[in-house]
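Peer 1: Have a look at this one before I ask anything.
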Amino acid sequence: MNKHGHNRREFLGLTGAGVAGLAGGSLLGTTVFAETQSADADPRHADLVVFNATIYTVDSSMPKVEAFAVKGGRFVYVGSTAEAKAFIGRRTQTFDAKQMTIVPGFIDCHNHAGGNTLLYEVIVGNPYEVEFVTIASIIDKLRAKAQKTPAGFWIDGYFFDDTKVKDNRQLNVHDLDQVSKEHPVVVHHRGGHTSYYNSKALELAGVNKDTPNRMGGTYDHDENGELNGRVTDRARDVFNNVGKRETFTAEKKEQRDRDGLAYISKQFVRYGLTSVHHEGGDLFTLQQVRARGELQHRVSFETSGDILEAMIKNGISSGFGDEWIRFGATSEHTADGSFSERTMALSQPYDGSSPPYKGNITETQEDLNAWAERVQRASIQPNCHANGDVAIDMVLTAYERAQQTAPRPDVRPKITHCTLINDDLLRRMNALGAVPAPFTTYAYYNSDKFHFYGEERMKRSMAYRSFFDAGIRAAAGSDFSPGPFAALMGIQGMVTRTGWNGETWGANQRISVDEALQVNTINGAYNSHEEAIKGSITPGKLADFVVLADDPHTTNKEKIKDIEIVRTVTGGSTVYGK
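Here this note's numbering is used: the first residue of the sequence shown is 353, the next is one more, and so on.
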């Protein structure tokens, strides 16, 4: 390989040995994944040297450089082209970037990583981009599945978005009755907090127009008082044990889980994500995919249920693991409903709601207090889902109490979404050292929902400017599947606050491109106590980086989301490239 002068196409072959290591072994034992082989015996020589680049390091000590060297999966030098060339040996791979832009690998601090759904289920909306569909297309897709499915079995549709429908109306029970009257049918809103059911499903669950709402959820009605099929939040629990579901052998389930996780990992790196906080999932499958060489991104594993209980019982704290898979915070402990589906808990009613509706609180303060204290006593980083100002207040109350009853240093309690804030909430968050992970792509993707909240609320929503000004280290949380996970779409929305429809909401919350890069890189590392090993292009840190075809600082800010990702590199190994 030549020492100098590679063009972009040639660079696509650099560090092409694949993701680091992949020899298998236990997550919790000795790290057995080998790093990139050293270029030669001379310790001065690197595996890869990149020069003549426009590199935004997100390291305040040297924010912009032109070269770096990588050895053993880490940056060993960051600085000038002239000095970087001293690291070139006989077998060193080199790349003349010709001023292409390089940034640290993007970090998504809230993602449900639903690869199985993408591979095996009926997808009725676009998971990745803004796209409008028709209700007829939804019916047709579900009907095709029903025709191949025995009566009585559930027919599910995923990634529905109620404001991305060409019909310009809500999906309802009558639409889904056209799919089948012999199958229970449900369409899940991509936001994750509302679902739409047909008459058969409602019948099996024993829900009728006189059924009272449950704590933390509603059975919605049309203007005539009849059920319209929309059910919100915890009211959906009644459907869990009715109807029949397809079952799989243990071997088949493992295979589907492995394939789904490998698939979503490929999608993550295609969009430049090198680290993702997984909301739950199968830990054994995660290790299998890693052993097979198909895990291309790093995972902060956020969990609840049996695995969280096992962590508490066996003294396993957040941070246990290695650089590829480690236990992070808990998965989101839900305190209220959804922003995109208009069920989050507000201090004032939703505009135009009759009777007045303030959203859904899904947890009592007493239960929230007990949960937060128990988790903190176990030295596990707590993480709560809180969208509305009422829910954020409840979560902060629980965190403040936990710090009083079970004090721990540098807890960094996590607030997932943390959507609607006020000055008092900011003050309390700063005092606690809380780390929010607000929505990233919503400012672009979901701008068609902002009118439900109005400009005054949007001035305090997804409040990245306010977080920066208050000294709070907000990170990126796409919340996929509710929102696309494209980091560049998120950066564009943070910088412009203008959506796909040309509407600008809450312009006072705009931040700069440099600040948006911080949110998507170093702040993400800080969110999981990993800022010492990743999140910036700094000597000694993991060599996770993204090569961009254009510079988001200089390109048209309304086109940042369209910048081509030329290459994604994790631990010095190329995991994606065109």
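Where is the CB? At the ideal position from N, CA and C, for every residue including glycine.
(1) Return the CA-CA distance between Gly-929 and Gln-619, expressed in angstroms with no decimal places.
(2) Which of helix, strand or coil does DSSP assign to Thr-469?
(3) Specify, as a first and last residue, the run of the beta strand (DSSP E) that Asp-492 falls within.
(4) With DSSP collapsed to three states, give me the class of Leu-777.
(5) Please report the distance separating the alpha-carbon of Asp-896 from that of Leu-647.
(6) Could you give the DSSP three-state label for Phe-439: helix, strand or coil?
(7) At what residue ranges does the region 690–775 contain a whole run of the alpha helix (DSSP H), taking only runs of 4 or more?
(8) Measuring CA to CA, which of Asp-776, Ala-449, Gly-425, Gly-441 is closest to Ile-407?
(9) Straight-line CA distance for Asn-712 to Asp-902?
(10) Hey, would you say the C-beta of Pro-759 is under 6 Å away from at least one heavy atom of the ligand SAH?
(11) Looking at the structure shown, is Val-927 part of a helix, part of a strand, or coil, going by DSSP?
(12) Once DSSP output is grouped into helix, strand and coil, what is the label at Thr-848?
(13) Whole angstroms is fine: what's the gap from Gly-376's alpha carbon to Gln-639's?
(14) Do Gly-740 and Leu-772 have their C-beta atoms within less than 7 Å of each other?
(15) Between which two residues does the alpha helix (DSSP H) holding Ser-833 run?
(16) To the nearest angstrom, how far is it from the Cα of Ile-454 to the Cα of Ile-440?
(17) Beta carbon of Glu-684, beta carbon of His-630: below 7 Å?
(18) Do the CB positions of Thr-922 and Thr-626 come within less than 7 Å of each other?
(19) Report the residue from Arg-849, Lys-911, Asp-589, Gly-671 whose alpha carbon sits nearest the alpha carbon of Gly-858.
(20) Given that a residue counts as buried once 16 or more other Cβ atoms are within 10 Å of its Cβ, and exposed if not, what is Gly-373?
(21) Measure the alpha-carbon distance for Met-781 versus Ala-398 and round it to whole angstroms.
(22) Output the residue ranges of the beta strand (DSSP E) runs that lie fully inside the region 600–631 and measure 3 residues or longer, sorted by chain position.
(23) According to the neighbour-count rule (16 or more other Cβ atoms, all chains shown, within 10 Å of its Cβ), is Ser-489 buried or exposed?
(24) Taking 6 Å as the limit between beta carbons, can you name the residues of its chain near Thr-469, skipping five residues before and five after?
(25) Do you know offhand how far Leu-748's Cα is from Gly-645's?
(26) Note down the Cα distance separating Asp-513 from Ile-732, rounded to an integer number of angstroms.
(27) Report the partner residues of His-541 according to the DSSP bridge assignment.
(28) Is Ala-1001 near Met-746, with beta carbons less than 7 Å apart?
(29) Could you give the residue range of the alpha helix (DSSP H) that holds Ser-652?
(30) On the criterion of 16 or more Cβ atoms from any shown chain inside 10 Å, does Gly-657 qualify as buried, or is it exposed?
(31) May I have the straight-line CA-CA distance separating Met-814 from Asn-879, to the nearest angstrom?
(32) Taking the straight line between their C-alpha atoms, what separation do you get for Asp-821 and Glu-867?
(33) Tell me Ser-459's beta-bridge partners as DSSP assigns them.
(34) Touching or not, the region 575–593 and the region 604–616, by the rule of three or more beta carbon pairs under 8 Å?
(35) Cα separation between Thr-757 and Trp-723?
(36) My parser needs the alpha helix (DSSP H) runs of 4 or more residues fully inside the region 841–890; what are they?
Peer 2: So, to answer that:
(1) 12 Å
(2) helix
(3) It is not in any beta strand (DSSP E) - Asp-492 instead sits in the alpha helix (DSSP H) that spans 487–498.
(4) helix
(5) 14 Å
(6) helix
(7) 717–729, 741–757
(8) Ala-449
(9) 43 Å
(10) Absence of the ligand SAH is noted for the structure shown, with no ligands found whatsoever.
(11) strand
(12) helix
(13) Here the model assigns Gly-376 a pLDDT of 34, short of 50, so the residue's position is not dependable and the matter cannot be decided.
(14) yes
(15) Per DSSP, Ser-833 belongs to no alpha helix (DSSP H) and is neither H nor E.
(16) 20 Å
(17) no
(18) yes
(19) Arg-849
(20) Reliability of the predicted coordinates at Gly-373 is poor, the pLDDT of 31 falling under 50, and the value obtained from them is presented with this limitation in mind. That one is buried.
(21) 43 Å
(22) 625–631
(23) exposed
(24) Tyr-510
(25) 41 Å
(26) 34 Å
(27) Phe-512
(28) Here the chain has residues from 353 to 930 only, and residue 1001 is not among them.
(29) Ser-652 -> not in any alpha helix (DSSP H); beta strand (DSSP E) instead, spanning 650–655.
(30) exposed
(31) 17 Å
(32) 11 Å
(33) Sequence check: residue 459 is Ile here, not Ser. Bridge partners of Ile-459: Ser-627.
(34) no
(35) 12 Å
(36) 865–872, 874–879
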